[in-house]
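Numbering (our numbering), first residue to last: 600 to 786.
Where is the CB? At the ideal position from N, CA and C, for every residue including glycine.
Since the structure comes first, as C-alpha cells, the remarks are kept for the end.
Here you go:
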C-alpha cells in the first residue's frame with residue numbers, strides 16, 4: 600500500500616499546484632484588468648482636461664469675436680446718430696441765422712432810409728418757430744402739472760394711511776389706559 604499512497608499524495612500536490620497556478624493566473628488577470636482600468640481612467644481624465652482647456656479657449660475666442668461684432672454694430676448706430684444730430688444742428692443753425700438776419704434788418708440800416716424790408720418767408724418762419732416753442736412749452740407745462748398732481752395724490756394717500764395708523768394706535772392706547780385705570784381702581 601505504500602505505493603498507492605504516493606500517487607494519492609502526489610495527486611493533492613498536483614491539485615495544490617493547479618490551485619496555486621489558477622490563483623496566480625487570476626491575480627495576474629486582476630492586475631492586468633486593474634492596470635487597464637487605471638490607464639483608461641488616466642486617459643479619460645486627460646481627455647477631459649484637454650476638452651475643458653479647449654472649451655475655455657474656444658469660449659474666449661467666441662467672446663472676443665462677439666464683442667467685435669457688437670462694437671461694429673454700435674459703431675454704425677453711433678455714426679448714424681451723429682449724422683442725424685449734425686443735420687439737425689445745421690438746420691437749427693440755419694433757422695437761427697435767418698432770425699439774426701431778420702432782426703438785423705429791423706435794427707439795421709433799413710430804418711434810416713425807409714421802412715425795413717423783411718421777407719415774408721422769414722416772418723412766417725419766425726411765426727412758425729414761435730408757435731412750435733409755445734406748443735412745446737404748453738406740453739411741458741401740462742406734463743409737469745400732471746406729475747405734480749400724481750405726487751400730490753400719492754402724498755395724500757400716504758398721509759391717510761399714516762392718520763389711520765395713528766388713530767388705531769391712539770385707540771389702542773386709550774383702551775389700554777382705561778383697562779389699567781379700572782384695574783387700579785378695583786385693586
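Nearest to residue i by CA position, among the options, is which residue?
| i | options | result |
| --- | --- | --- |
| residue 724 | 700, 751 and 653 | 700 |
| residue 722 | 697, 736, 733 and 688 | 697 |
My understanding is that residue i touches residue j, with C-beta atoms under 8 Å, so please give their C-beta distance in whole angstroms.
| i | j | result |
| --- | --- | --- |
| residue 728 | residue 694 | 6 Å |
Any heavy atom of the ligand NAD closer than 7 Å to the beta-carbon of residue i?
| i | result |
| --- | --- |
| residue 612 | This structure lacks the ligand NAD; in fact it carries no ligand of any kind. |
Uninterrupted alpha helix (DSSP H) stretches inside the segment 728-773 (no shorter than 4 residues): Assignment of alpha helix (DSSP H) within the segment 728-773, counting only whole runs of 4 or more residues, yields no such run.
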